[in-house]
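Here is the structure we will look at.
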Amino acid sequence: MSSATATAKQEVQALLAHLPDDSTLEDIQYHLYVLEKIRRGQADVAGGRRYSQEEARQRLDRWLAR
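In our numbering, the protein residues as written are 4 to 69.
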C-alpha cells in the first residue's frame with residue numbers, strides 16, 4: 004500500500020480491502036487521514052526534518068514554560 008508507484012486509487016482500494024465490511028465513511032476517512040500523516044512524517048524524516056528526543060524535550064519544555 005505504501006509503494007511509491009501506487010496510484011491514489013490503488014492505495015484506497017488496498018485500504019478498503021483491509022477494513023471490515025461494516026466500516027463507516029467516517030472510519031474510512033480516519034484511516035486515510037492517518038495514512039497521509041504517516042506518509043508526511045516519513046517524508047519529513049527522509050528530508051532531514053526531524054528533532055532528536057533531546058531537542059523535542061527542550062522545545063516542549065520551552066513551550067510549556069510560556
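C-beta: ideal position from N, C-alpha, C; glycine also.
Where do the N-terminal and C-terminal ends of the alpha helix (DSSP H) with residue i fall, by residue?
| i | result |
| --- | --- |
| Tyr54 | Neither: Tyr54 is in no alpha helix (DSSP H) and is coded neither H nor E. |
| Leu38 | Leu28 to Ala49 |
Is DSSP giving residue i helix, strand or coil here?
| i | result |
| --- | --- |
| Asp25 | coil |
| Arg60 | helix |
| Arg69 | coil |
| Ala11 | helix |
Less than 8 Å between the CB atoms is what I'm expecting for residue i and residue j, so what's the real figure, rounded?
| i | j | result |
| --- | --- | --- |
| Asp30 | Leu38 | About 13 Å; that fails the 8 Å criterion. |
| Arg43 | Tyr54 | With a Cβ gap of about 15 Å, Arg43 and Tyr54 do not count as contacting. |
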